[in-house]
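J.: Got a structure here, written out as structure tokens. Questions coming.
2 protein chains.
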Amino acid sequence: LSHHFYFLSQDEIDSAVKMLLSLKMSYKAAMGEDYKADCPPGNPAPTSNLGPDATDAEEDFVDPWTVQTSSAKGIDYDKLIVRFGSSKIDKELINRIERATGQRPHRFLRRGIFFSHRDMNQVLDAYENKKPFYLYTGRGPSSEAMHVGHLIPFIFTKWLQDVFNVPLVIQMTDDEKYLWKDLTLDQAYSYAVENAKDIIACGFDINKTFIFSDLDYMGMSSGFYKNVVKIQKHVTFNQVKGIFGFTDSDCIGKISFPAIQAAPSFSNSFPQIFQDRTDIQCLIPCAIDQDPYFRMTRDVAPRIGYPKPALLHSTFFPALQGAQTKMSASDPNSSIFLTDTAKQIKTKVNKHAFSGGRDTVEEHRQFGGNCDVDVSFMYLTFFLEDDDKLEQIRKDYTSGAMLTGELKKALIEVLQPLIAEHQARRKEVTDEIVKEFMTPRKLSFDFQ
Amino acid sequence: LSHHFYFLSQDEIDSAVKMLLSLKMSYKAAMGEDYKADCPPGNPAPTSNLGPDATDAEEDFVDPWTVQTSSAKGIDYDKLIVRFGSSKIDKELINRIERATGQRPHRFLRRGIFFSHRDMNQVLDAYENKKPFYLYTGRGPSSEAMHVGHLIPFIFTKWLQDVFNVPLVIQMTDDEKYLWKDLTLDQAYSYAVENAKDIIACGFDINKTFIFSDLDYMGMSSGFYKNVVKIQKHVTFNQVKGIFGFTDSDCIGKISFPAIQAAPSFSNSFPQIFQDRTDIQCLIPCAIDQDPYFRMTRDVAPRIGYPKPALLHSTFFPALQGAQTKMSASDPNSSIFLTDTAKQIKTKVNKHAFSGGRDTVEEHRQFGGNCDVDVSFMYLTFFLEDDDKLEQIRKDYTSGAMLTGELKKALIEVLQPLIAEHQARRKEVTDEIVKEFMTPRKLSFDFQ
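Protein chains in written order, with the working numbering: chain A, 16 to 463; chain B, 16 to 463.
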């Protein structure tokens with residue numbers, strides 16, 4: 016016979032409830048159905064465009080914090096387009112981009128890495144009519160360490176800046192990272208500055224690019240906070256609950272944060288660049304998991320008298336261990352980091368890159384490898400520029416003519432110079448250069 | 016901006032489910048009821064210090080947006096002190112203020128108009144030890160029109176600034192008014208500037224006073240937003256739901272706003288005044304309905320390493336029609352406005368001020384009037400400086416020696432010069448003076 020007195024403080028109850036709710040979400044993501052407690056569920060089915068991207072047992076789960084799939088091939092992006100209500104980037108659109116810019120489409124377009132869009136035709140209409148637009152992308156600086164996957168949106172955005180010759184704003188959401196992670200404000204800010212160096216090393220034009228930390232820029236801009244408040248007035252807790260899965264135990268900082276990621280979609284958030292103009296169209300290249308923020312933004316825009324931002328969505332960059340596993344900054348073997356040496360790259364690819372090859376050389380020669388699940392091949396589609404060479408590798412590996420070691424060698428030979436060159440460019444990024452990129456100032460461009 | 020790949024093994028799912036079940040048991044043990052998955056645990060009954068100030072049919076209701084009582088005498092302030100958990104400003108504390116400052120206590124102290132406090136003894140300890148503190152008060156600029164009741168906190172704050180010789184920050188919550196009212200940003204901001212003129216006309220020292228619009232200052236301060244985010248990280252939706260009664264249908268701007276009213280309680284929100292010092296005690300004079308904001312602030316302060324602000328609470332200024340009715344900026348007859356002419360004041364008091372007198376002169380002479388419900392007498396307690404004269408009026412009116420017309424005449428004779436002098440001082444407040452008060456800058460004071 017025994018009894019226990021049980022007493023929990025309000026904080027302990029709050030954090031227990033928070034954990035319960037987050038476990039519920041993980042459970043739902045993993046099991047494909049709601050965790051059923053003792054009382055009957057009352058959540059309505061997600062039917063609206065702004066509803067949560069809930070999944071049934073066979074479906075993938077994608078939101079800004081969780082990307083989950085059971086398929087070694089990764090997320091089913093065609094299904095995602097249907098579920099998110101975006102449009103596929105098809106051959107016709109790619110051809111139109113080529114005609115408009117007079118440039119060969121970037122390999123990310125040619126290979127379906129940027130695969131989905133919203134209103135890109137409208138941006139091209141404007142561009143062809145000599146009307147202005149600007150680019151907006153961003154990064155959540157959760158640590159100093161960035162891996163090659165983090166560069167995808169920036170590599171593509173740099174290309175867009177070059178071929179369209181337009182201004183670009185890059186948001187470092189250090190406030191978000193402070194809110195979500197166990198970081199101090201100073202840590203979050205210093206990660207923003209460190210990450211900015213890697214971003215600058217992608218080759219952005221200093222005369223056309225403004226990089227900003229939220230923590231800094233909020234206190235330096237006469238336009239940013241005003242747009243944040245405007246957006247916050249037009250989005251309810253019910254809406255962010257539906258879109259982002261926030262709960263009553265979440266802090267009010269998280270709950271109101273989506274407005275801060277939304278605000279740079281509107282040109283008068285940057286009076287130093289666009290003065291008080293509110294009519295300049297924004298184009299946002301980003302990974303598809305960020306789309307919920309911008310569906311919300313597009314919902315709000317007409318209600319506050321601003322144009323809806325257009326979007327270009329990329330697929331996810333797979334972890335070395337396979338497209339269905341988690342890439343983690345705390346696991347150095349889950350990806351190629353921008354600080355890796357040539358030797359580390361070689362070892363990681365050889366040891367950790369999930370292979371679509373057969374168990375023995377004999378079987379491989381006979382039946383061939385599977386490029387659809389082979390991570391080395393996936394990485395090559397991201398980084399090998401030469402289409403013919405990539406197609407030859409695909410054929411040879413599929414037929415069995417090319418062995419896994421040879422495929423990995425091809426990837427290593429692409430990654431080693433890519434990372435080395437990045438490191439060389441990053442070394443040239445001085446504190447002064449970072450400071451200039453991060454100073455609110457005029458940008459040079461021709462707007463009518 | 017972030018995304019993570021999430022994959023759970025069967026083992027991880029099993030242990031998550033196990034944890035869920037054990038958390039459910041802990042929850043039941045702590046809360047005394049089953050955890051309900053689809054209806055998250057709103058707030059428990061308001062027992063905690065941070066609980067909502069809910070009322071039963073007989074109790075008054077006080078929150079920042081609603082003050083409601085069924086008694087003609089107005090709110091029961093002694094009960095409010097118990098319910099809010101603050102302390103009464105008693106004779107002993109008033110004597111201590113007199114000793115510390117060497118000044119006669121302001122009539123608002125002598126007459127119990129500032130009736131409640133938190134940690135005022137701590138402020139006096141600091142003051143007596145030559146340690147610095149600063150004053151913080153504010154106003155929600157909901158329209159251009161201000162009435163005499165709006166001046167109460169400012170009249171008292173000016174006295175505090177004079178007798179303690181300390182710096183003062185005054186927050187104009189134009190963002191709040193934009194969020195709560197049907198106003199544009201420009202309207203809310205212009206009301207902030209107009210109201211600032213009336214505030215300046217109270218006689219604040221330009222060398223020791225900083226007045227700021229949230230919409231403006233958020234984009235001009237390197238410290239304000241950082242403190243806002245810090246506070247927002249440490250307050251959950253459950254908490255603001257409990258404190259302010261927010262619901263899921265409220266916009267995320269309202270939900271996160273309390274952090275913006277909290278932030279000026281911390282000295283490093285004003286780096287231009289206090290540099291990066293975080294240890295300077297703040298004293299907030301305000302009407303008691305603002306206390307929920309600062310209970311929240313005091314709850315958060317130690318968790319982010321800042322001192323708790325101290326408070327001095329005032330009673331409410333009654334409407335002309337009686338202490339239980341609502342004063343409304345849209346009803347010009349509900350109060351004396353700062354723009355009223357001498358004639359308007361006379362007419363309003365004579366026509367609209369609720370009287371505690373008898374129905375006929377004969378009855379009045381025989382039974383006397385009731386000062387406890389007479390609005391003219393209440394207004395005199397706010398504005399007539401002479402204690403002896405006030406006491407004489409109280410006696411004469413209660414005995415029936417003084418008639419209602421005579422009482423109203425006494426009030427008119429106090430209000431007419433008070434308003435006329437305010438208008439004269441306001442006229443002298445030029446746009447340049449407003450601009451200087453509202454410019455972030457050093458203030459002059461001696462801090463060790």
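Ideal Cβ placement from N, Cα and C applies to all residues, glycine included.
Kindly list the residues whose CB is nearer than 8 Å to the CB of residue 311 of chain B, restricted to its own chain and excluding five residues on each side of it in sequence; keep chain order.
T.: In the second sequence, the residue the question calls residue 311 of chain B occupies position 296. Counting only Cβ-Cβ distances below 8 Å, and skipping sequence neighbours, we find 65, 250, 254, 255, 258, 273 and 277.
J.: For a test of the three-state rule: what should DSSP assign to residue 52 of chain A, helix, strand or coil?
T.: Against the first sequence, residue 52 of chain A aligns to sequence position 37. Confidence in residue 52 of chain A is poor, its pLDDT being 38 and thus under 50, which makes the residue's placement too unreliable to answer from.
J.: With distances taken from CA atoms, which of B:439, B:421, B:296 and B:171 is nearest residue 370 of chain B?
T.: By 1-based counting over the second sequence, the position of residue 370 of chain B is 355. Measuring from the Cα of residue 370 of chain B, the nearest candidate turns out to be B:421.
J.: Report the start-end ranges of each beta strand (DSSP E) in the region 204 to 281 of chain B that is 3 residues or longer and not cut off at the edges.
T.: 224 to 228
J.: What residue ranges within the region 147 to 193 of chain B form continuous alpha helix (DSSP H) runs of no fewer than 4 residues, ordered along the chain?
T.: Runs found: 163 to 179.
J.: Need the endpoints of the alpha helix (DSSP H) that residue 7 of chain B sits in, please.
T.: The question about residue 7 of chain B has no answer, for chain B in this structure spans 16 to 463.
J.: Taking all protein chains shown into account, decide if residue 122 of chain A is buried (16 or more other Cβ within 10 angstroms of its Cβ) or exposed.
T.: Locating residue 122 of chain A in the first sequence gives position 107, where the first residue counts as 1. So residue 122 of chain A counts as buried.
J.: Provide the residue span of the beta strand (DSSP E) that contains residue 327 of chain B, from first to last.
T.: For the purposes of this step, residue 327 of chain B is taken as the residue at position 312 of the second sequence. That run of the beta strand (DSSP E) goes 325 to 329.
J.: Is it buried or exposed for residue 358 of chain A, if we count other Cβ within 10 angstroms and need 16 for buried?
T.: Within the first sequence, the letter at position 343 stands for residue 358 of chain A. Result: exposed.
J.: Please confirm if residue 263 of chain A has its CB atom under 8 Å from at least one CB of chain B.
T.: The residue you call residue 263 of chain A lines up with position 248 of the first sequence. Judged by the 8 Å Cβ criterion, residue 263 of chain A is in contact with chain B.
J.: I'd like to confirm the pairing. Which residues does DSSP put opposite residue 352 of chain B in its beta bridges?
T.: Within the second sequence, residue 352 of chain B is the residue found at index 337, counting from 1. Per DSSP, B:162.
J.: So which of B:396, B:133, B:204 and B:438 has the shortest CA-CA distance to residue 126 of chain B?
T.: Position 111 of the second sequence, counted from the start, is the residue given in the question as residue 126 of chain B. It is B:396 whose Cα lies nearest to the Cα of residue 126 of chain B.
J.: Which residue spans inside the region 405 to 445 of chain A form an unbroken beta strand (DSSP E) run of at least 3?
T.: For secondary structure counted as the beta strand (DSSP E) over 3 or more consecutive residues, the region 405 to 445 of chain A holds no complete run.
J.: From residue 451 of chain B to residue 203 of chain B, what does the alpha carbon distance come to, in whole angstroms?
T.: Counted from its first residue, the second sequence places residue 451 of chain B at position 436. Counted from its first residue, the second sequence places residue 203 of chain B at position 188. Just so you know, the alpha carbons of residue 451 of chain B and residue 203 of chain B end up roughly 20 Å apart.
J.: Report the three-state DSSP secondary structure of residue 103 of chain B (helix, strand or coil).
T.: In the second sequence, residue 103 of chain B corresponds to position 88, counting from 1. The answer is strand: DSSP assigns residue 103 of chain B an E or B state.
J.: Does any residue of chain A bring its CB to less than 8 Å from the CB of residue 301 of chain B?
T.: Position 286 of the second sequence holds residue 301 of chain B. No, its Cβ sits nowhere closer than 8 Å to a Cβ of chain A.
J.: Any idea which residues DSSP pairs residue 131 of chain A with across the strands?
T.: Against the first sequence, residue 131 of chain A aligns to sequence position 116. A:103 and A:328.
J.: Between the region 245 to 271 of chain B and chain A, which residues of the former have a C-beta closer than 9 Å to a C-beta of the latter?
T.: Taking 9 Å as the Cβ-Cβ cut-off against chain A, the residues of the region 245 to 271 of chain B that qualify are 245, 246, 247, 248, 249, 250, 251, 252, 253, 254, 255, 256, 261, 262, 263, 264, 265, 266, 267, 268, 269, 270 and 271.
J.: On the three-state DSSP scale, how would you describe residue 334 of chain A?
T.: Residue numbering aside, residue 334 of chain A sits at position 319 when the first sequence is read from its first letter. Residue state, collapsed to three classes: strand.
J.: Roughly how many angstroms separate the alpha carbons of residue 443 of chain B and residue 171 of chain B, rounded to a whole number?
T.: As a working mapping, residue 443 of chain B is identified with position 428 in the second sequence. As a working mapping, residue 171 of chain B is identified with position 156 in the second sequence. Rounded to whole angstroms, residue 443 of chain B to residue 171 of chain B spans 21 Å at the Cα level.
J.: Give a yes or no on whether the minimum CB-CB distance between residue 67 of chain B and chain A is below 8 Å.
T.: For the purposes of this step, residue 67 of chain B is identified with residue 52 of the second sequence, where counting begins at 1. Because residue 67 of chain B carries a pLDDT of 42, less than 50, the predicted location of this residue cannot be relied on, and no value is offered for it.
J.: Along the alpha helix (DSSP H) that carries residue 365 of chain B, what are the first and last residues, could you check?
T.: Sequence index remark: in the second sequence, residue 365 of chain B carries index 350 (1-based). Looking at the DSSP string, the run of the alpha helix (DSSP H) that includes residue 365 of chain B is 357 to 367.
J.: What is the rounded straight-line gap between the Cα of residue 455 of chain A and the Cα of residue 184 of chain A?
T.: Locating residue 455 of chain A in the first sequence gives position 440, where the first residue counts as 1. Locating residue 184 of chain A in the first sequence gives position 169, where the first residue counts as 1. C-alpha separation (whole angstroms): 10 Å.
J.: Whole-angstrom Cβ separation of residue 155 of chain B and residue 191 of chain B, contact assumed at under 8 Å?
T.: Start at 1 with the first residue of the second sequence, and residue 155 of chain B comes out as number 140. Start at 1 with the first residue of the second sequence, and residue 191 of chain B comes out as number 176. So it is a contact: roughly 5 Å between Cβ atoms.
J.: Between the region 313 to 321 of chain A and the region 164 to 179 of chain A, can you find at least three pairs of beta-carbon atoms closer than 8 Å?
T.: no
J.: Taking 8 Å as the CB-CB cut-off, is residue 11 of chain B touching chain A?
T.: Lying before the first or after the last residue shown, residue 11 of chain B is absent from chain B, which here runs from 16 to 463.
J.: For residue 230 of chain A, which residues of its own chain have a beta-carbon under 8 Å away from its beta-carbon, when the five flanking residues on both sides are left out?
T.: Against the first sequence, residue 230 of chain A aligns to sequence position 215. The residues are 189, 190, 193, 200, 203, 204 and 207.
J.: Assess contact between the region 262 to 270 of chain B and the region 282 to 298 of chain B, defined as three or more Cβ pairs (one per stretch) separated by less than 8 Å. Is contact present?
T.: no
J.: Just the chain B side, please: which residues come within less than 7 Å of residue 239 of chain A by C-beta, in chain order?
T.: Within the first sequence, the letter at position 224 stands for residue 239 of chain A. Within 7 Å Cβ-Cβ: 234.
J.: May I ask you to list, following chain order, the residues of the region 177 to 205 of chain B that have a beta carbon less than 8 Å from some beta carbon of chain A?
T.: 190, 193, 194 and 200
J.: Write down the C-beta distance between residue 459 of chain B and residue 110 of chain B rounded to the nearest angstrom, noting that I regard them as a contact closer than 8 Å.
T.: Here residue 459 of chain B refers to the residue found at position 444 of the second sequence. Here residue 110 of chain B refers to the residue found at position 95 of the second sequence. In fact, because the Cβ distance is near 30 Å, the residues do not count as touching under 8 Å.
J.: I'd like the span of the alpha helix (DSSP H) that includes residue 394 of chain A, first residue to last.
T.: Here residue 394 of chain A refers to the residue found at position 379 when the first sequence is read from its first residue. Note, residue 394 of chain A: alpha helix (DSSP H), 390 to 398.
J.: Judging by CA-CA distance, which residue of B:309, B:198, B:363 and B:440 is the nearest neighbour of residue 101 of chain B?
T.: In the second sequence, residue 101 of chain B corresponds to position 86, counting from 1. For the residues B:309, B:198, B:363 and B:440, the minimum Cα distance to residue 101 of chain B belongs to B:309.
J.: Can you find a CB in chain A that lies within less than 8 Å of the CB of residue 316 of chain B?
T.: In the second sequence, the residue the question calls residue 316 of chain B occupies position 301. By this cut-off, residue 316 of chain B is not an interface position.
J.: Let's test the definition: count the other Cβ atoms within 10 Å of the Cβ of residue 153 of chain B and tell me whether it reaches 16, buried, or not, exposed.
T.: Taking the second sequence and counting its residues from 1, one reaches residue 153 of chain B at position 138. By the neighbour-count rule (16 or more Cβ atoms within 10 Å), residue 153 of chain B is buried.
J.: How big is the Cα-Cα spacing for residue 313 of chain A and residue 74 of chain B?
T.: Taking the first residue of the first sequence as 1, we reach residue 313 of chain A at position 298. Taking the first residue of the second sequence as 1, we reach residue 74 of chain B at position 59. Taking the straight line from one Cα to the other gives about 46 Å.
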